[in-house]
Amino acid sequence: MQTALLPVSVINEIETIIRRFIWGAKEGKTKLALVSWNSCCQPLSHGGLGFRKLKEHNKAFLCKLGFRVLTRRGELWVDILCEKYHVGDFIPDSVVTGNCSFLWRSLAKIWDEIRPNIYVSIRDGKRTSFWFEDWIPELGPLWQHKKPGVMIPNEWKVADV
1 MQTALLPVSV INEIETIIRR FIWGAKEGKT KLALVSWNSC CQPLSHGGLG FRKLKEHNKA
61 FLCKLGFRVL TRRGELWVDI LCEKYHVGDF IPDSVVTGNC SFLWRSLAKI WDEIRPNIYV
121 SIRDGKRTSF WFEDWIPELG PLWQHKKPGV MIPNEWKVAD V
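So that you can map any letter, position 16 of the sequence shown is 16 in the working numbering, and since no number is skipped, the others follow by simple counting.
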C-alpha cells in the first residue's frame with residue numbers, strides 16, 4: 001500500500017472487510033450499519049471514529065515517496081530511481097512507464113497531483129533551471145511564456161541570469 005497505487009476494486013474489497021469486522025458481521029450473516037462509513041472516517045474531533053479512507057491514504061503514501069524522490073538526493077534508493085528513470089532536479093514532464101518497476105509506475109500516475117503543490121527553493125540558483133522549473137509561483141515554467149528572440153540558452157540556471 002505504501003509503494004503501489006492500489007486498484008479501486010482492491011481498496012473497496014479491503015474496506016468491505018474492515019466494515020464487516022467493525023459492524024460485527026459473521027460469515028454468511030450481515031449486520032445493519034447504524035452509522036455511515038463516511039461518518040466513521042471523520043476525525044475524532046468531528047464526531048467520527050478516526051478511520052482512514054484507504055484510497056486517500058494510499059495516495060498520501062505515494063505523494064510522500066514522490067516528494068522524497070525530489071528532495072532526498074544522496075539516499076541510495078533515491079539515487080537509483082533518479083539514475084534509472086532519468087529524473088533531474090524537478091518532476092519529469094513525461095514519464096515512460098513501459099518497462100518500469102511497480103513503484104515507478106505508481107509514482108508516474110500521481111506526478112500530476114504532486115506537481116501543483118511543489119515549488120522550487122532557489123537558494124543560490126545554481127541548480128534551478130531558468131526555463132523549465134516552476135520557480136515563480138503562479139506563473140509556471142518560463143518556457144511557456146518565452147517570446148521569440150529571447151537569447152537566454154535553455155541550459156542556463158537562475159544564477160546565470
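Glycine included, every Cβ here is placed at the ideal spot set by N, Cα and C.
Hey, is the region 17 to 26 in contact with the region 66 to 79, meaning 3+ C-beta pairs nearer than 8 Å? no
Can you give me the start and stop residues for the alpha helix (DSSP H) that Ala60 sits inside? 54 to 71
For Leu44, collect the residues of the same chain with a Cβ closer than 8 Å to its Cβ; drop the 5 residues on either side in sequence, then sort them by chain order. Gly50
Below 8 Å, can you find three or more Cβ-Cβ pairs linking the region 30 to 46 to the region 136 to 148? no
Is Lys126 near the ligand GDP - that is, is its Cβ less than 7 Å away from at least one heavy atom of it? Looking for the ligand GDP in the displayed structure turns up nothing, as the structure carries no ligands at all.
Check whether the Cβ atoms of Trp131 and Lys146 sit closer than 8 Å, and answer yes or no. yes
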